[in-house]
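Structure, as structure tokens:
In the numbering used here, the protein residues as written are 29 to 614.
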């Protein structure tokens, strides 16, 4: 490591981030202030610290000034902390002797109209970071082995694609499906957009490939009933729901591809009052025919109506506030196709969102075939009534564009229902320690930077398990998640964070408070001690600090966020800086 073990030599690097930070914060003033702080041997500024030139500057100054700690004041650590950790490590400084200050999201972007106050806040944050850096400790780099086996949960189109991708790269796969057949929802559909293919035509090659692959083991009618361990070393129990037979095994990675369930619109538009009011999914499951027949009596359909956003985009209704994304395009495709079989076809909609590549073409073609689109207000839904004696369906709604109240008597009404998580999603989330968004689907680690990984290291999500999406998007997700899993298994071992909690056995009172509060199940009782004491499985720990805050005996410390380091930051903010000068600036 650069410098001596007992001499604190801190380098401070303040980033302009183009105009993002420097447009509000006086970066030069911040750098000059930092130069006079205790322990600072160098302080400077640069246009883009994350650029190659900025990274090289850090390496050069570490060597020139024998720096053994580095503070970078720039953007969010979530974006570039790994970048700067690698930079200091390349310069022979332990990666945990680095601290990052967020001057962009926490200062310039939220105080853009108060540049003077923003600059003072930036100075305070840098001052606090320097005080913390002076008390940082080098931590060891730890690794764990990764078993070359992947568990794929869900045998729909995403699960099948992921399993095949992994198997074809030479790794073993355990595929678990709770139904008696592979294929999920796609297998049931007669038409898939954008191509005129049936779900069976799309899914059958995947099913055949999975069944024939020597590296893929399939468990049907089965569920994962127990899951424990950490990245690279997960213990899994798979139970057959018909025989109750259990299979226990160890896997290195997991892909959760549990898919979705179509919303059952009971209470919406008379759905349960007539067999002629069906969902779009139910329409797709009807066998192909030259003539669309009315479910109630088998007579040819002459008039058909579609209603969009059924069970989706409903403000204030938990689990139904999201847009299900596929409905507008699927409705346009279905209406356009069926228009050739019927005399009249209308689509009632709130908004049209044919967002995918080529999807707007479906809407254009439907309009060219004289499918009538009529917009209704969100606050006033269409009224659908069923005559109890004749079974006739009567619709009435306000057309927003004309301002007229319209009526229609269709032979069949098709409700474009949204996607919702499977009924057992809560159980799955608890099993794999996954968080869920407001719509009930699983949260990724980061919606933009890590859309396929989760906060449970080694566990990926793919397809509609993450959010409502169409089959094409699900397949893209699956291949991405498979690549993530293969990347981990191909390494043979992976690094784990050293910024974890640690229990001091002599102070532990065996109260189990930390075990009950840990959101990741990373703490258990070590029975080898007498009496037993809490023990942290470091590979499962996320360093959130919940256990340390809850411990009534102060028996838990957080590496890289010790009480001493945190109090040093508080004192640096509240107290006057001691009369100990730093080492100068650029």
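Each residue gets a CB set at the ideal place from its N, CA and C atoms; glycine is no exception.
In this text the structure is predicted, and so the values were computed from the model without any measurement.
Top-ranked residue by Cα proximity to residue i, from the options
{"i": "residue 526", "options": "91, 44, 37 and 125", "result": "125"}
{"i": "residue 344", "options": "363, 292, 311 and 466", "result": "466"}
{"i": "residue 292", "options": "380, 258 and 451", "result": "451"}
{"i": "residue 537", "options": "523, 554, 550 and 546", "result": "554"}
{"i": "residue 477", "options": "36, 90 and 107", "result": "107"}
{"i": "residue 94", "options": "78, 114, 119 and 75", "result": "119"}
{"i": "residue 127", "options": "352, 99 and 336", "result": "99"}
{"i": "residue 54", "options": "42, 88, 257 and 330", "result": "42"}
{"i": "residue 447", "options": "381, 412, 432 and 494", "result": "494"}
{"i": "residue 327", "options": "348, 393, 336 and 303", "result": "303"}
{"i": "residue 551", "options": "204, 371, 531 and 422", "result": "531"}
{"i": "residue 379", "options": "396, 409 and 398", "result": "409"}
{"i": "residue 320", "options": "442, 266 and 209", "result": "442"}
{"i": "residue 391", "options": "367, 209, 505 and 502", "result": "367"}
{"i": "residue 342", "options": "580, 287, 406 and 219", "result": "406"}
{"i": "residue 205", "options": "218, 191 and 84", "result": "191"}
{"i": "residue 389", "options": "504, 356, 184 and 112", "result": "356"}
{"i": "residue 562", "options": "570, 581 and 318", "result": "581"}
{"i": "residue 636", "options": "497, 449, 435 and 364", "result": "Because the chain spans 29 through 614 in this model, residue 636 falls outside it and cannot be assessed."}
{"i": "residue 556", "options": "547, 576, 195 and 533", "result": "533"}
{"i": "residue 179", "options": "135, 244 and 270", "result": "244"}
{"i": "residue 403", "options": "311, 413 and 427", "result": "427"}
{"i": "residue 429", "options": "262, 454, 148 and 377", "result": "377"}
Status (buried if at least 16 other CB within 10 Å, exposed otherwise) for residue i
{"i": "residue 602", "result": "exposed"}
{"i": "residue 595", "result": "exposed"}
{"i": "residue 346", "result": "exposed"}
{"i": "residue 607", "result": "In this prediction, residue 607 has a pLDDT of 46, which is less than 50 and means its spatial position is unreliable; what the coordinates show is noted afterwards. Answer is exposed; the Cβ neighbour count stays below 16."}
{"i": "residue 131", "result": "buried"}
{"i": "residue 49", "result": "buried"}
{"i": "residue 614", "result": "Summary for residue 614: the model assigns pLDDT 49, below 50, so the residue's position carries little reliability, and this model does not support an answer."}
{"i": "residue 361", "result": "buried"}
{"i": "residue 138", "result": "exposed"}
{"i": "residue 415", "result": "exposed"}
{"i": "residue 540", "result": "exposed"}
{"i": "residue 47", "result": "exposed"}
{"i": "residue 169", "result": "exposed"}
{"i": "residue 208", "result": "exposed"}
{"i": "residue 45", "result": "buried"}
{"i": "residue 433", "result": "exposed"}
{"i": "residue 482", "result": "buried"}
{"i": "residue 122", "result": "buried"}
{"i": "residue 294", "result": "exposed"}
{"i": "residue 472", "result": "buried"}
beta-carbon residue i near the ligand MG non-hydrogen atom, thresh 7 Å
{"i": "residue 221", "result": "Judged by which ligands are present, the structure shown has none, so any question about the ligand MG falls away."}
Which residues DSSP lists as bridging residue i, in chain order
{"i": "residue 447", "result": "290"}
{"i": "residue 240", "result": "BP columns for residue 240 are empty, so no partner."}
{"i": "residue 71", "result": "40"}
{"i": "residue 528", "result": "Bridge partners of residue 528: none, in fact."}
{"i": "residue 425", "result": "434"}
{"i": "residue 328", "result": "321"}
{"i": "residue 245", "result": "202"}
{"i": "residue 178", "result": "201 and 281"}
{"i": "residue 102", "result": "130"}
{"i": "residue 586", "result": "529"}
{"i": "residue 145", "result": "Paired residue(s): none; residue 145 is not in a bridge."}
{"i": "residue 403", "result": "377"}
{"i": "residue 97", "result": "38"}
{"i": "residue 295", "result": "Partner(s): none; residue 295 has no beta bridge."}
{"i": "residue 470", "result": "464"}
{"i": "residue 562", "result": "553"}
{"i": "residue 305", "result": "441"}
{"i": "residue 250", "result": "268"}
8 Å Cβ cutoff, residue i in contact with chain C
{"i": "residue 393", "result": "Included in the structure is just one protein chain, with no chain C present."}
Nonlocal neighbours in the same chain, by C-beta distance under 6 Å from residue i, ignoring five residues either side
{"i": "residue 32", "result": "Residue confidence is low: residue 32 scores 44 on pLDDT, short of 50, so the model does not pin down where it sits. No coordinate-derived value is stated."}
{"i": "residue 487", "result": "282 and 460"}
{"i": "residue 162", "result": "36 and 67"}
{"i": "residue 457", "result": "464"}
Cβ-based neighbour list, residue i, same chain, cut-off 7 Å, excluding 5 preceding and 5 following
{"i": "residue 567", "result": "172, 258, 259 and 524"}
{"i": "residue 363", "result": "334, 373, 375, 394 and 399"}
{"i": "residue 145", "result": "139"}
Other residues of its chain near residue i: CB distance less than 8 Å, five sequence neighbours each side excluded
{"i": "residue 560", "result": "538, 553 and 554"}
{"i": "residue 400", "result": "372, 373, 374 and 375"}
{"i": "residue 230", "result": "185, 214, 220 and 499"}
{"i": "residue 330", "result": "370, 371, 372 and 439"}
For this session: Ignoring anything shorter than 3 residues or poking outside the region 108 to 142, list the beta strand (DSSP E) runs there in chain order.
Result: Correct list: 126 to 130.
Exercise. Which runs of the beta strand (DSSP E), 3 residues or longer, sit entirely within the region 336 to 397?
Worked result: The beta strand (DSSP E) runs lying completely inside the region 336 to 397 and spanning 3 residues or more are 372 to 377, given in chain order.
Problem set entry | Runs of beta strand (DSSP E) lying entirely within the region 476 to 553, each at least 3 residues, in chain order | Counting only runs of 3+ residues, the beta strand (DSSP E) found wholly inside the region 476 to 553 occupies 487 to 489, 521 to 524 and 529 to 531, in chain order.
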